[in-house]
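S.K.: Quick one: the structure is below, and I'll ask about it shortly.
There are 2 protein chains.
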Amino acid sequence: MPVLLSAPNPDHMYPIAGVRLGVAEAGIRKAKRKDLTVVLLEPGASVAGVFTQNRFCAAPVQICREHLVSAGAGVRALLINTGNANAGTGADGRARALSTCAALAGKLGLAREQILPFSTGVIMEPLPNDRIEAGLDAALADAREDNWLRVSEAIMTTDTLPKAFGAQLDIGGSRVSITGVSKGAGMIRPNMATMLGFIATDACVSPTIMQQLALELAEASFNRVTVDGDTSTNDSLVVIASNRASHAPVDSLASAEGQALKAAMLGVAQQLAQAIVRDGEGATKFITVAVEGGKTTAECRLVAYAIAHSPLVKTAFFASDPNLGRILAAVGYAGIADLDQSCIDLYLDDVHVAVQGGRHPAYREEDGQRVMKQAEITVRVLLGRGDAADRVWTCDLSHDYVTINADYRS
Amino acid sequence: MPVLLSAPNPDHMYPIAGVRLGVAEAGIRKAKRKDLTVVLLEPGASVAGVFTQNRFCAAPVQICREHLVSAGAGVRALLINTGNANAGTGADGRARALSTCAALAGKLGLAREQILPFSTGVIMEPLPNDRIEAGLDAALADAREDNWLRVSEAIMTTDTLPKAFGAQLDIGGSRVSITGVSKGAGMIRPNMATMLGFIATDACVSPTIMQQLALELAEASFNRVTVDGDTSTNDSLVVIASNRASHAPVDSLASAEGQALKAAMLGVAQQLAQAIVRDGEGATKFITVAVEGGKTTAECRLVAYAIAHSPLVKTAFFASDPNLGRILAAVGYAGIADLDQSCIDLYLDDVHVAVQGGRHPAYREEDGQRVMKQAEITVRVLLGRGDAADRVWTCDLSHDYVTINADYRS
Numbered sequence: 001m002p003v004l005l006s007a008p009n010p011d012h013m014y015p016i017a018g019v020r021l022g023v024a025e026a027g028i029r030k031a032k033r034k035d036l037t038v039v040l041l042e043p044g045a046s047v048a049g050v051f052t053q054n055r056f057c058a059a060p061v062q063i064c065r066e067h068l069v070s071a072g073a074g075v076r077a078l079l080i081n082t083g084n085a086n087a088g089t090g091a092d093g094r095a096r097a098l099s100t101c102a103a104l105a106g107k108l109g110l111a112r113e114q115i116l117p118f119s120t121g122v123i124m125e126p127l128p129n130d131r132i133e134a135g136l137d138a139a140l141a142d143a144r145e146d147n148w149l150r151v152s153e154a155i156m157t158t159d160t161l162p163k164a165f166g167a168q169l170d171i172g173g174s175r176v177s178i179t180g181v182s183k184g185a186g187m188i189r190p191n192m193a194t195m196l197g198f199i200a201t202d203a204c205v206s207p208t209i210m211q212q213l214a215l216e217l218a219e220a221s222f223n224r225v226t227v228d229g230d231t232s233t234n235d236s237l238v239v240i241a242s243n244r245a246s247h248a249p250v251d252s253l254a255s256a257e258g259q260a261l262k263a264a265m266l267g268v269a270q271q272l273a274q275a276i277v278r279d280g281e282g283a284t285k286f287i288t289v290a291v292e293g294g295k296t297t298a299e300c301r302l303v304a305y306a307i308a309h310s311p312l313v314k315t316a317f318f319a320s321d322p323n324l325g326r327i328l329a330a331v332g333y334a335g336i337a338d339l340d341q342s343c344i345d346l347y348l349d350d351v352h353v354a355v356q357g358g359r360h361p362a363y364r365e366e367d368g369q370r371v372m373k374q375a376e377i378t379v380r381v382l383l384g385r386g387d388a389a390d391r392v393w394t395c396d397l398s399h400d401y402v403t404i405n406a407d408y409r410s
Numbered sequence: 411m412p413v414l415l416s417a418p419n420p421d422h423m424y425p426i427a428g429v430r431l432g433v434a435e436a437g438i439r440k441a442k443r444k445d446l447t448v449v450l451l452e453p454g455a456s457v458a459g460v461f462t463q464n465r466f467c468a469a470p471v472q473i474c475r476e477h478l479v480s481a482g483a484g485v486r487a488l489l490i491n492t493g494n495a496n497a498g499t500g501a502d503g504r505a506r507a508l509s510t511c512a513a514l515a516g517k518l519g520l521a522r523e524q525i526l527p528f529s530t531g532v533i534m535e536p537l538p539n540d541r542i543e544a545g546l547d548a549a550l551a552d553a554r555e556d557n558w559l560r561v562s563e564a565i566m567t568t569d570t571l572p573k574a575f576g577a578q579l580d581i582g583g584s585r586v587s588i589t590g591v592s593k594g595a596g597m598i599r600p601n602m603a604t605m606l607g608f609i610a611t612d613a614c615v616s617p618t619i620m621q622q623l624a625l626e627l628a629e630a631s632f633n634r635v636t637v638d639g640d641t642s643t644n645d646s647l648v649v650i651a652s653n654r655a656s657h658a659p660v661d662s663l664a665s666a667e668g669q670a671l672k673a674a675m676l677g678v679a680q681q682l683a684q685a686i687v688r689d690g691e692g693a694t695k696f697i698t699v700a701v702e703g704g705k706t707t708a709e710c711r712l713v714a715y716a717i718a719h720s721p722l723v724k725t726a727f728f729a730s731d732p733n734l735g736r737i738l739a740a741v742g743y744a745g746i747a748d749l750d751q752s753c754i755d756l757y758l759d760d761v762h763v764a765v766q767g768g769r770h771p772a773y774r775e776e777d778g779q780r781v782m783k784q785a786e787i788t789v790r791v792l793l794g795r796g797d798a799a800d801r802v803w804t805c806d807l808s809h810d811y812v813t814i815n816a817d818y819r820s
């Protein structure tokens, strides 16, 4: 069981008007397991997506990108399977994914392009599209608006707990709800998106700003977490506005309403993204890596990810061992060519570990030890060369990460 | 005990005329352990070095770079300690390293600039320079030409076996010897050099080509291995030609003699570099990642390192699990923006796993399983977009890597 993550709070999983969800057991990889999800949207919903930058992106990711263009505002359903990624499957994988879209479209009286397919699971194995298609009737029969908890469970693979968060706010006197779910625990270093994340709101949002909203949410949430640095072939974040609330449509993210909605949705997105790290394979520590004083945000992020990906740093956190020179080494190889080590300061929570590139005279091993034993730790690096800052969230590297990933398929 | 590495063959550790080596117990970190080495060069030796690109490079690395310039052809001794890296130690660390150089210079009647210092061990702890200086007499008293084996032992940290290789060849009718030693098992992703590597020959080499020789050796050996992707603060490779053989000096690497000498030295350098991977912390598999068909060597290397650094690929090798889609995912996120997945082929030794980006129709799980069980495996990726190729050597990621690095300081 994860020590860093709690089960979702059902009271915060708000039904979203115009969004019905159904799950079923399709036997995609294992028997007796909910592994198929359909999300049904009423006409008029605004939908946007952000997808993995992995060049070996899965067939469903390729199709999602195409369907979001060809269907435009006409997207009416999401079809999600776990157990099989349908990645590294070539032309055959594409045909199988399209077949599942056509099957669902046929049952709903829609065109194939109005369906967005999503897959997650093992790479380079044929998608059992026949089993998915055979499971559609059961999933459709299950569809209802208060089904978010069961969806959060049905999209899990190596996740130990489902991930779902919600929020409510008032826009123009109208109560608006937001609910999101995500899955993921390994192969996590989203690059423009996450493993799978779905966030829906009944707010009214102009289609023209939906894509911008999705990008900005991804950039400040899923694109700031890493477990093992492995960018998945299937990362997908989909943001849905069902436009069922009674307020005037939000047509700018810079307006007061736009900022309020974005802040509330970002809160949900960050909780979903951080939940993936908290449930990171084998994770025993939740670590925030904050880098300040850089010339650019990009170089701060470079340093933050170098620290967050270092196996030596991650095993030191697992051991609660303040072997903190490993953090300095990661700062040094992050890739800033003109970095001056004599300008670097390092803090572990409130403990000043290194000053001007060397051990702080007042630093005591027991102070570092005290912080390292905590379940949540902030590493703070001051580069001393500018005003930019950035941060990422990660976890430690434990025996269980090796165990889980050595045994995943068996 | 490592399953992939054997103890050095003393018959291949040739004494190098003009190079005497001595070791001693200085108690730098642990008692009763040879942890101090001096290498004494007769006047006239040609010396070149290649050092870490880590911006947090250790004090001794900074000093080596300076002394190689200021002493020129006058370098007369190497002073090597294990147990303490003297990195992340600021101005105080520099002063302590210079103090050890001055102490050895005083005993040898040399200038401080004629000494090259090297350190390896824990980062961000003060160098016990007093203990090093107190141990110098014992190390000097021990100095002799047939002492390579004891040096290879004295420079070990988390290494489980010493690493030493040698070769002999004829140049201009003169028998020439080459002997090298290296250390390293973790924090290994040398970037222009290795943890510590020392290669000496009695061949006569013009000082003008020594630096080029060192760079070319590093580039094709230590710069092609990785254990955990962590570039050390202390990586140093030093190449020494004592110029004691009787042949005419080699003054070009393009000449027949230059090519023969470089090939023989490269053989030693690659064995030393590969030995670090074979002794990689927790390693149970030695993996060659060969990438062919790229537009440039650089992009082939990018893909090879993405595969070699992926924790998911490395744990799959540890488990002997042919979960080979993970390799395709790493190819996809390696960073080639215009990569076309439908052009990619993947082989595991002789087994054709994927063709045109998808699973090969004839690929059978048991064939992949057979190769994965081997102790030495070649992953071969064909990018299908050009004629360039490159390769790196790496190992798997096992429970013991976590154990070793969680416990390293205790």
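Chains as they are written, first to last, in our numbering: chain A, 1 to 410; chain B, 411 to 820.
Even glycine gets a Cβ: it sits at the ideal position worked out from N, Cα and C.
Taking the continuous alpha helix (DSSP H) assigned at A/P60, which residues delimit it?
M.R.: A59 to S70
S.K.: Would you list the residues sitting across from B/V615 in a DSSP beta bridge?
M.R.: B/V660
S.K.: Using a C-beta to C-beta distance shorter than 9 Å, which residues of chain B count as neighbours of A/I63?
M.R.: The premise fails here: A/I63 is roughly 14 Å from chain B at the closest Cβ pair, so nothing lies under 9 Å.
S.K.: Run through chain B and tell me which residues come within less than 8 Å of A/M210, C-beta to C-beta.
M.R.: What A/M210 touches in chain B: nothing, since even the nearest Cβ is about 26 Å away.
S.K.: Does A/Y333 come out as helix, strand or coil in the three-state DSSP assignment?
M.R.: Residue state, collapsed to three classes: helix.
S.K.: What residues in the stretch 215–240 of chain A have a beta carbon less than 8 Å from any beta carbon of chain B?
M.R.: D228, G229, D230, T231, S232 and T233
S.K.: Could you spell out where the beta strand (DSSP E) holding B/T447 opens and where it closes?
M.R.: L446 to L451
S.K.: Starting from the C-beta of B/S820, find all residues in its chain whose C-beta is less than 6 Å away, skip the five residues before and the five after it, and write them out in chain order.
M.R.: Its pLDDT being 45, under 50, B/S820 is placed unreliably in this model, and the coordinates cannot settle the point.
S.K.: Going along chain A, which residues have a C-beta under 7 Å from B/R736?
M.R.: I123
S.K.: Locate the alpha helix (DSSP H) running through A/L302, then write down its first and last residues.
M.R.: T297 to H309
S.K.: What does the alpha-carbon distance come out to for the pair A/A316 and B/V713?
M.R.: When rounded, the distance between both Cα atoms is 28 Å.
S.K.: Using alpha carbons as the reference points, say which of A/H352, A/G332 and A/L196 lies closest to A/T157.
M.R.: A/L196
S.K.: Run through chain A and tell me which residues come within less than 8 Å of B/C710, C-beta to C-beta.
M.R.: Neighbours of B/C710 on chain A: none; closest Cβ ~15 Å, over 8 Å.
S.K.: Specify whether the stretch 57–65 of chain A and the stretch 117–133 of chain A touch according to this definition: at least 3 beta carbon pairs, one from each stretch, less than 8 Å apart.
M.R.: yes
S.K.: State the DSSP-derived secondary structure class of B/V723, mapped to helix, strand or coil.
M.R.: helix
S.K.: A/V291 versus chain B: which residues are under 9 Å apart at the beta carbon?
M.R.: Residues of chain B passing the Cβ test: none, with the nearest at roughly 14 Å.
S.K.: Rounded to whole angstroms, how far is the Cβ of A/A141 from the Cβ of A/G22, which I believe are closer than 8 Å?
M.R.: 7 Å
S.K.: Apply the 10 Å Cβ neighbour rule to A/K415 and answer buried if 16 or more other Cβ atoms are within range, or exposed otherwise.
M.R.: Nothing about residue 415 of chain A can be reported from this structure: the residues present for chain A run from 1 to 410 only.
S.K.: Between A/V190 and chain B, is the shortest Cβ-Cβ distance under 8 Å, so that the two count as touching?
M.R.: With the sequence shown as reference, residue 190 of chain A is identified as Pro, and Val is not the correct amino acid for it. For A/P190, the answer is no, since every Cβ of chain B falls outside 8 Å of its Cβ.
S.K.: Using the three-state DSSP reduction, which class does B/H422 fall into: helix, strand or coil?
M.R.: In the structure shown, B/H422 sits in a helix (DSSP, three-state: H, G or I).
S.K.: Could you check if B/E691 is buried or exposed, using at least 16 other CB atoms within 10 Å of its CB as the buried criterion?
M.R.: buried
S.K.: Below 8 Å on the Cβ atoms is my guess for A/V225 versus A/Q168; work out the distance and round it to an integer in Å.
M.R.: The pair is not a contact, with the Cβ atoms about 25 Å apart (cut-off 8 Å).
S.K.: Tell me, please, whether the CB atom of B/S529 is closer than 8 Å to any CB atom in chain A?
M.R.: Closer than 8 Å: no.
S.K.: Report yes if the CB atom of B/G498 is closer than 8 Å to the CB atom of A/A308, and no otherwise.
M.R.: no
S.K.: Curious, which full-length beta strand (DSSP E) runs of at least 3 residues does the stretch 728–814 of chain B contain?
M.R.: You should have 755–758, 761–765, 786–792 and 798–805.
S.K.: Starting from B/C467, find everything on chain A with Cβ-Cβ shorter than 9 Å and list it in chain order.
M.R.: Residues of chain A whose Cβ lies closer than 9 Å to the Cβ of B/C467 are, in chain order, G332 and Q341.
S.K.: Between A/I336 and chain B, is there a C-beta pair that is closer than 8 Å?
M.R.: It does: the Cβ of A/I336 has a partner Cβ on chain B nearer than 8 Å.
S.K.: Could you confirm whether any beta carbon from chain B is found closer than 8 Å to the beta carbon of A/T402?
M.R.: It is Val, not Thr, that sits at residue 402 of chain A in the sequence shown. It does; some Cβ of chain B falls within 8 Å.
S.K.: Mark B/D806 as exposed unless 16 or more other C-beta atoms lie within 10 angstroms of its C-beta, in which case mark it buried.
M.R.: Buried, by the Cβ-count rule.
S.K.: Name the one or two DSSP bridge partners that B/N491 has.
M.R.: B/L446 and B/S529, per the DSSP bridge assignment.
S.K.: Using three-state DSSP, classify A/A95 as helix, strand or coil.
M.R.: helix
S.K.: Does chain B have any CB closer than 8 Å to the CB of A/D92?
M.R.: yes
S.K.: Using the Cα positions of A/A85 and A/L127, report the straight-line distance between them to the nearest angstrom.
M.R.: 8 Å
S.K.: Could you round the C-beta distance between B/G767 and B/I754 to whole angstroms and report it? I think they count as a contact, below 8 Å.
M.R.: 5 Å
S.K.: If you follow the beta strand (DSSP E) that B/L579 is part of, which residue opens it and which one closes it?
M.R.: K573 to I581 is the span of the beta strand (DSSP E), which, as asked, contains B/L579.
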